[in-house]
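Residue numbers (my numbering): 975 to 1410.
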Ligand code: PLP
C-alpha cells in the first residue's frame, strides 16, 4: 500500500507521547507471523501479540480472504431490526466455548464498548427484576476496563482517571491483589484470597442490595499480569451470590486461550454472570468486542418486554459488522481446527520457564506470570513509568516489541511462536535488562 507520511502532525495518537514519538517515530509497515517490520527495514519480534490481540500471529491469509470476500458480498447491514448470517454464526461459535450457561452474545466494537454494554445489561436486568435501586458498581484498584466513561469509572489507574472528573458516580473500588511479599511468585499466589472480603466490607458499608455488579479482570492484564490468589475469585463468586450481585469477568485480554483454556473463567473454575471480550475474537484483524450473557439474564430481559417490542435500548451502528464477523468466524475456525487453545496450554511451561529465567537481574522488582502471559516489573528510576517508557522504545530498536504500562512490561507471545521465538524474545529482553 502507498501512504503519504510526509507529515505526522495531524494524527493525534492515542496513549502516546505525541511530541516525543513524532521526533523519532516507530512506524510499522508490515506484520508477518511473529514479526513486525518497521519503516527503516528493521525486523521486530512481537512479544505482546500486538496489544494481546493477535495470538495467531500477523498476516493470516485465511482471515484477510474472509474479510475481503465478505466486503464484496455484503459490506454492511444495519444490525437493528436486520441481520446477516455472519453475526449468528459467530455468536454460536463463541457461545460454544464460553462456560455454560453463558449462551447469548451481544456484539460491540471494542473492549471499552463491551464494558459499557455490560454495565447497561446489569442495570437492565436488575430493573426488570424490580431491583432498579441497585445503582452501585464495584471494581478494583489497578483495574483497566477501557476508556469509555463507564470503563474509566471502573478502572483503577490514576493517570486514566485524574483528568476526567465527570465519571460515573457510585463506583467503589476493592483493593488490588498484588502484594510485594509475593514478588517472583509463579502462577497463583497461595495467600491473599481474603482480599475478596473487601467486597463483603463494601456490602456491609453501603448495602449489598444497592450493588448491581462487581467487575474484575480475572488476571489484571494492563497493570502487569496480577494473578488472582488461590481462592480469591471463588470467594468473590460466593459474596456476589449471597447479595444478588452480578459477577462480571472482563476477559478482553484473558479470553481466547491466553490462560491455556478458552477463557480464564474455565482456567480458574469460576463462572461469572457476564463476560466481556474483544481483541483475540478476531485475532485483532477487525475491531470487535462482545459480551457473553448467562441464559437467565438474557431471558429475564427479553421476556419482560412485549413480544413485538425492543427489549434492550442499546446497540452500535457497527455491532456485528459483517467484516468483523467474517474475521471472527475465520479466526474461530482456525482456533477449532488447529486446537489452538490446547496448543497454547502445551506451551505454557516453556514460556513461563523462559520468563522466570530472568529472575535475579538487579533491575527487576518482580516477575509475575500465568498461562501465555507474564509481566516483568522494573525497579523505577526517577518518576514512576519514566524508565518503562524509555525501555520500551529502546527494546523496539533492538528488535523486540513489548507493551509497557508504567514500569511493567507485559510479555504475551502469539501462540504460533516457536520455542526458538520465545528464546529470542527472552534473550533480547535479558540483553536490554542487563544494560539498565
Ligand atoms: N478491558 C480490558 C481488560 C482490557 O485489557 C482492555 C484493553 O486493553 C479493555 C477493556 C479495553 O479494550 P479496547 O481498547 O478494545 O477498548
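For each residue, glycine too, the CB sits at the ideal point set by N, CA and C. Owing to the predicted nature of the structure, the values given are computational and were not obtained by experimental measurement.
Note: residue 1250 is bridge-paired with 1224, 1265 in the DSSP secondary-structure output. Here residue 1246 has 1221, 1222, 1223, 1239 as same chain residues with Cβ atoms under 7 angstroms from its own Cβ, once five neighbours each way along the sequence are excluded. Within the region 1340-1399, the runs of beta strand (DSSP E) at least 3 residues long that lie entirely inside it are, in chain order, 1347-1352, 1377-1379, 1382-1385.
Around the beta carbon of residue 1132, fewer than 16 other beta carbons sit within 10 angstroms, so the residue counts as exposed. Contact between residue 1078 and residue 1186 does not hold, since the beta-carbon distance rounds to 19 angstroms and is not under 8 angstroms. Counting the other Cβ atoms within 10 Å of the Cβ of residue 1196 gives 16 or more, which makes it buried. Cβ-Cβ separation between residue 1029 and residue 1314: approximately 7 angstroms, consistent with a contact (criterion under 8 angstroms).
In this structure, residue 1086 keeps its C-beta atom at 7 angstroms or more from the C-beta atom of residue 1134.
At a Cβ-Cβ threshold of 7 angstroms, residue 1083 and residue 1290 count as neighbours. Within the same chain, 1167, 1170 come within 6 angstroms of residue 1209 by CB-CB distance, once the 5 residues on both sides are set aside. In this structure, residue 1374 lies near residue 1021, with their beta-carbon atoms less than 7 angstroms apart. Partner residues in a beta bridge of residue 1150, as assigned by DSSP, do not exist. By the CB criterion at 7 angstroms, residue 1306 and residue 1149 fall outside the cutoff.
According to DSSP, residue pairing for residue 1012 in a beta bridge involves 1002. Taking non-hydrogen atoms of the ligand PLP into account, the C-beta of residue 1226 is found less than 6 angstroms away from one of them.
Relative to the ligand PLP, even the nearest heavy atom lies 6 angstroms or more away from the CB of residue 1351.
For residue 1118, the distance from the CB to the nearest heavy atom of the ligand PLP is below 6 angstroms. Residue state for residue 1076 is assigned as strand, using DSSP reduced to three classes. One thing to note: residue 1381 has its Cβ within 7 angstroms of the Cβ of residue 1362.
Secondary structure at residue 1056: coil, using DSSP grouped into helix, strand and coil.
Within the model, the alpha-carbon separation for residue 1232 versus residue 1325 is close to 12 angstroms. Residue 1318 holds the alpha-carbon nearest to the alpha-carbon of residue 1393 among 1332, 1376, 1318. Listed as beta-bridge partners of residue 1110 by DSSP are 1185.
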